[in-house]
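Down below is the structure, laid out as structure tokens.
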Amino acid sequence: LAHVLDPCRLPQCEFFAAGKCHRDDCPFLHVIYPENTPICPKFVRGRCEQGRECTKRHVWKSKKKSRQLAIPKTSSNAPNVNDAPIAEARHVESLRDAYPVPDFIPFVLDD
């Protein structure tokens, strides 16, 4: 099977968005989105049929941001009674995260 770049699955080039990508052969989308443009939910789920013509942002949600926890600040000097470790929720952000990678893949060789 050939590795084919599906235009319906290509994200925006982060380097281009920062003004740092000048590659003529860059496979990612070289588009500038207006400020506060929402992220395309179809793209996040894996595929947006509109591809480059979509008016929403084709970017993967940042794993760093989605895993940060908001801890409310209090003025109290009381000790934190909830020191138990917090279970981190696993967010499915792309099809790559949908199924875990197996530890072992058997190969069958025909003689």
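Be aware that the sequence shown starts at 1, since it is given in UniProt numbering, and climbs by one per residue.
A virtual CB, placed ideally from N, CA and C, is assigned to each residue, including glycine.
If you run the structure through DSSP and keep just helix, strand and coil, what is residue i?
i     : result
Asp57 : Reading off the sequence shown, one finds Arg at residue 57, where the question assumed Asp. Strand, per DSSP.
How far does the alpha helix (DSSP H) with residue i in it extend, from its first residue to its last?
i     : result
Arg9  : Premise fails: Arg9 is in no alpha helix (DSSP H) and is neither H nor E.
Arg45 : Pro41 to Arg45
In angstroms, rounded to a whole number, what distance separates the CA positions of residue i and residue j?
i     : j     : result
Cys8  : Arg45 : 11 Å
Leu5  : Lys42 : 17 Å
His30 : Cys48 : 16 Å
Gln12 : Arg52 : 9 Å
Could you check whether the region 13-24 touches the region 34-43, counting it as contact only if at least three pairs of C-beta atoms, one from each stretch, sit closer than 8 Å? Result no; under three Cβ-Cβ pairs closer than 8 Å.
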